[in-house]
Every structure is written in structure tokens, then in C-alpha cells.
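A short worksheet on the structure shown next.
In our numbering, the protein residues as written are 2 to 277.
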């Protein structure tokens, strides 16, 4: 049996009794960083052996762990914080275990995305967890353009040294929406800042970001500039092409479509480039 065990995202008391019992009873714990996990185990006087399973060795180590499970061993999978497989290693092992027909159970517990979404106070019964945005320019821009059309809050993870750049990119693509930024959740210096994206960007430009961050951004409202409604990208491209065929310049066509359908100019311009 493989037990997927969430661990505290900061405060060591945020761990369930069931997870603690499981970590004590299994034969082996597969951990993202054994040096990090050993501190948790020592805190609760758990002496179960550890084996590393991180992004650089997961693909090569899956076979060994599946073999141990097939031999009847019980293994717990943990990451440094939160739920394994959610913006953390573990997904390859979980998939391999399921494909091999080995029992796998996921224990509930701490999760930064859910905690930050509830703490944001943004009104919605739905949200999209995205995690970390791509770092490369074109892929990053394409993802943000798609996400800008989602009508419910979106939750991102970000490191401190990339926070300001990410806020700038989200603001440029989404417009000045309400948002919430939480850092160091459940820890001594836990902090949540709420406001518009412009206000939050200004705040973190003047206050150097420290800690790990969760960004929650409001979804697209009906009637807000950028709402595609029933229109598809194909519809927008056809409208652009009609204007271009009618003698409009690319710039004029982009401006006209953006104004007519209340869309962000950069989104329309990107679609216009795809016509070339």
C-alpha cells in the first residue's frame, strides 16, 4: 500500500493524527528532502527509515519503490510541505502505483492553495489552482491570456525573487482586479495583503518580498473588458481578417476589435500575429 501523506505547510502542529500514525507504522517514507522531513519525524519521535524522492530522481526511483510495494512493503509518500503531487514531486510514483494495480490511498491534510483561497475573502464557491507559472516569455504570456478569461478566482504559487515580476505580468494581462497575497502561511510571520493588483504591486515594489507566496486573483466578471462571452479565438481572428481584408492596418484592426468586444489589446494583438 502507498500512503500519500500531506505534511504541515509551516506550523508543525498542522498534521493529522492519522498521518502521524501512518508515518510510524509504514516500512519506508519516500521524502522530497530527507533532511527536511527528518526534523518533522524527530519532533514526533518517529524513527521510520527515509528514502529521497525529488524532482531530479523521481523518474529513476519509481521502479525501485514499486518493486518494494509489490513485495508487500508499505510506503508513505511526503513532500516538504503540503500535499505530494501538487506543485511537488510524487505524481510519477502515484501514477505508476495505480497502473501497477497496487493499492494507494491519499490522506487529507494541509494545503497552501485552499488555505490562501479561503483567507483571500474573494467571493466565489469555485476557484482554479494553477501553481507556478511558466518562466519562459511566450509560454508564460499564452498561459496568462487563457487564464485571464476564467470567471472564478485563480491561485498561483510564487517565490519571493519572482513575485514582483509575476504581479506585473498578471496586472498587464488581467487588468486591475481584486487580489490577495499570503505569505508564510501558518508560520510566525504569516501575513495576507488584500487590494487591487496595482496596490499589491506597489506594496511589494517598496517592501522586499520574503517567504513563500500564494497569489489569489479574482476571476473575470461578466461585462468586464476581456470577457469573451460566446466568442472564440476563431471568431476574433475572423473579425480581424475581415478588417485587414477591408484595408485596415493591423494596428487599426486590433484597436477596433479590442474596443468593439471590450477585449485586452495585448490579447487581440497576439491573435493578430497568428494571422501572419
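Glycine included, C-beta positions come from ideal geometry on N, C-alpha and C.
Helix, strand or coil, according to DSSP, for residue i in the structure here?
i           : result
residue 4   : strand
residue 262 : helix
residue 267 : helix
residue 194 : strand
residue 136 : coil
residue 52  : strand
residue 24  : helix
residue 248 : coil
residue 64  : helix
residue 300 : Because the chain is modelled from 2 through 277, residue 300 falls outside the range shown and cannot be assessed.
residue 188 : coil
residue 235 : helix
residue 10  : coil
residue 17  : coil
residue 169 : helix
residue 47  : coil
residue 149 : coil
residue 123 : coil
residue 96  : helix
residue 204 : helix
Whose C-alpha, out of the options, is nearest the C-alpha of residue i?
i           : options            : result
residue 208 : 192, 154, 221      : 192
residue 12  : 81, 29, 5, 54      : 81
residue 58  : 49, 33, 106        : 33
residue 135 : 113, 163, 124      : 163
residue 21  : 200, 79, 63, 65    : 79
residue 262 : 139, 233, 248      : 233
residue 96  : 129, 5, 123, 269   : 5
residue 67  : 108, 50, 99, 132   : 99
residue 183 : 94, 160, 35, 31    : 160
residue 41  : 63, 180, 10        : 10
residue 17  : 107, 248, 48       : 107
residue 170 : 195, 187, 137, 188 : 137
residue 165 : 53, 186, 199, 267  : 199
residue 264 : 236, 250, 277      : 236
residue 130 : 101, 88, 105, 104  : 88
residue 186 : 127, 128, 113      : 113
residue 101 : 128, 64, 133       : 64
residue 251 : 14, 104, 273       : 273
residue 19  : 202, 203, 109      : 109
residue 281 : 122, 268, 69, 14   : Residue numbering for the chain in the displayed model covers 2 to 277; residue 281 lies beyond these limits and cannot be assessed.
residue 267 : 61, 27, 139        : 139
residue 60  : 90, 14, 195, 189   : 90
residue 202 : 14, 47, 168        : 168
Residue i and residue j look like a contact to me (Cβ under 8 Å); what is the Cβ gap, rounded to whole Å?
i           : j           : result
residue 241 : residue 254 : 5 Å
residue 8   : residue 77  : That belief does not hold up - the Cβ atoms of residue 8 and residue 77 are roughly 10 Å apart, past 8 Å.
residue 86  : residue 92  : 4 Å
residue 125 : residue 158 : Residue 125 to residue 158, Cβ: 19 Å. No contact.
residue 275 : residue 238 : 7 Å
residue 24  : residue 50  : Wrong, their Cβ atoms sit about 11 Å apart, outside the cutoff.
residue 54  : residue 3   : Actually they are not in contact, since the Cβ atoms of residue 54 and residue 3 sit about 11 Å apart, beyond 8 Å.
residue 155 : residue 133 : Not really, about 13 Å apart at Cβ, beyond 8 Å.
Report the partner residues of residue i according to the DSSP bridge assignment.
i           : result
residue 107 : 5
residue 77  : 4, 30
residue 180 : 196, 218
residue 159 : 214
residue 129 : 155
Would you say residue i touches the ligand FAD, meaning its beta carbon is less than 7 Å from a heavy atom?
i           : result
residue 239 : The ligand FAD is not part of the structure shown, which contains no ligands of any sort.
Would a check of beta-carbon distances place residue i closer than 8 Å to chain C?
i           : result
residue 149 : Protein chain content of the structure displayed is limited to a single chain, and chain C is not contained in it.
| said: Tell me whether the region 137–148 and the region 170–182 touch, counting them as touching only if at least three CB pairs, one residue from each stretch, are closer than 8 Å. | reply: yes
| task | Indicate whether the contact test is met: 3 or more Cβ pairs, each with one atom in the region 114–132 and one in the region 65–82, closer than 8 Å. | result | no
| said: Closer than 8 Å is the cut-off here; do at least three beta carbon pairs connect the region 233–250 with the region 203–221? | reply: no
| How do the region 212–219 and the region 147–161 stand: do at least 3 beta-carbon pairs fall below 8 Å, yes or no? | yes
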